[in-house]
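Asks:
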Amino acid sequence: HAEADAFFCFTLLMSGMRDAFVKSLDDTDNGMMGRIEQFSQLLKEKDGQVWTHLESIRISPVFYTVRWLTLMLAQELQMPDTIRLWDSLLSDFARPHPLLLYVCVAMVI
21 HAEADAFFCF TLLMSGMRDA FVKSLDDTDN GMMGRIEQFS QLLKEKDGQV
71 WTHLESIRIS PVFYTVRWLT LMLAQELQMP DTIRLWDSLL SDFARPHPLL
121 LYVCVAMVI
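Straight run, no breaks: the sequence shown in our numbering ends on number 129.
#1: Going by other Cβ atoms of all chains shown within 10 Å of its Cβ, with 16 needed for buried, is L26 buried or exposed?
#2: Measure the alpha-carbon distance for Q69 versus K43 and round it to whole angstroms.
#3: Assign E75 to one of three DSSP states: helix, strand, or coil.
#4: Taking 8 Å as the limit between beta carbons, can you name the residues of its chain near W71, skipping five residues before and five after?
#5: Note down, in chain order, each residue of its chain lying with its Cβ closer than 8 Å to the Cβ of L110, except the 5 sequence neighbours on either side.
#6: Out of E23, I79, W88, which one is the CA nearest neighbour of L120?
#7: Between V128 and the rest of its own chain, which residues show a CB-CB distance below 7 Å, the 5 nearest in sequence each way excluded?
#8: For the alpha helix (DSSP H) containing L97, list its first residue and its last residue.
#9: Taking the C-alpha atoms as reference points, what is the distance between D49 and R38?
#10: Quick check: P116 and R55, are their CB atoms within less than 7 Å of each other?
#11: I'd like the list of long-range same chain contacts for D67, defined as Cβ closer than 6 Å, with 5 residues on each side in sequence excluded.
What follows is the structure, encoded as structure tokens:
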């Protein structure tokens with residue numbers, strides 16, 4: 021039953037990403053632009069100097085966070101780290117995942 025359990029966990033994770041791909045929801049908290057704005061505000065709060073520098077050289081968070089948030093860091097991390105992160109995301113019932121935003125901010129800092 022391991023395959024069925026793994027598939028269930030994967031669909032549970034992906035179901036939380038559904039709203040990110042609905043254009044009419046882009047500007048809501050669950051839409052892609054809303055998630056990017058949450059990331060940007062969290063980065064500004066945690067390290068204002070880095071945020072100010074990125075803004076001053078006009079590097080929009082859209083350039084790097086879309087891939088991070090839609091793929092939940094699957095391309096940036098090694099497989100064992102991805103599995104560990106996704107396991108943590110499964111235990112995080114808040115949507116969109118605040119933990120994912122914090123990990124993304126930590127990658128920038």
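From the three backbone atoms N, C-alpha and C, an ideal C-beta is built for every residue, glycine too.
Being a predicted model, the structure only gives us computed values, none of them experimental.
Replies: Straight from the coordinates:
#1: Counting from 1 along the sequence shown, the entry for residue 26 is found at position 6. The sequence as given places Ala at residue 26; Leu does not occur at that position. By the neighbour-count rule (16 or more Cβ atoms within 10 Å), A26 is not buried but exposed.
#2: Here the question's residue 69 lines up with position 49 in the sequence shown. Here the question's residue 43 lines up with position 23 in the sequence shown. CA-to-CA, the gap between Q69 and K43 works out to about 32 Å.
#3: Position 55 of the sequence shown, counting from 1, holds the residue named residue 75. DSSP places E75 in helix when its eight states are reduced to three.
#4: Position 51 of the sequence shown, counting from 1, holds the residue named residue 71. Spatial neighbours of W71 in its own chain (CB-CB distance under 8 Å, excluding positions within 5 residues in sequence) are listed in chain order as S60, L63, K64.
#5: Mapped onto the sequence shown, residue 110 falls at position 90. The answer, listed in chain order, is C29, L32, L33.
#6: The count along the sequence shown starts at 1 and reaches residue 120 at position 100. With distances taken between Cα atoms, L120 lies closest to W88.
#7: Counted from its first residue, the sequence shown places residue 128 at position 108. Here the set comprises L63, V70.
#8: What you label residue 97 is simply residue 77 of the sequence shown in a count that begins at 1. Run containing L97: none; DSSP gives neither H nor E here.
#9: Counting from one through the sequence shown, the residue named residue 49 turns up at place 29. Counting from one through the sequence shown, the residue named residue 38 turns up at place 18. Near 13 Å, if we compare the C-alpha coordinates of R38 and D49.
#10: By one-based count along the sequence shown, residue 116 stands at place 96. By one-based count along the sequence shown, residue 55 stands at place 35. The answer is yes: Cβ separation under 7 Å.
#11: By one-based count along the sequence shown, residue 67 stands at place 47. Closer than 6 Å at Cβ, skipping near neighbours: I129.
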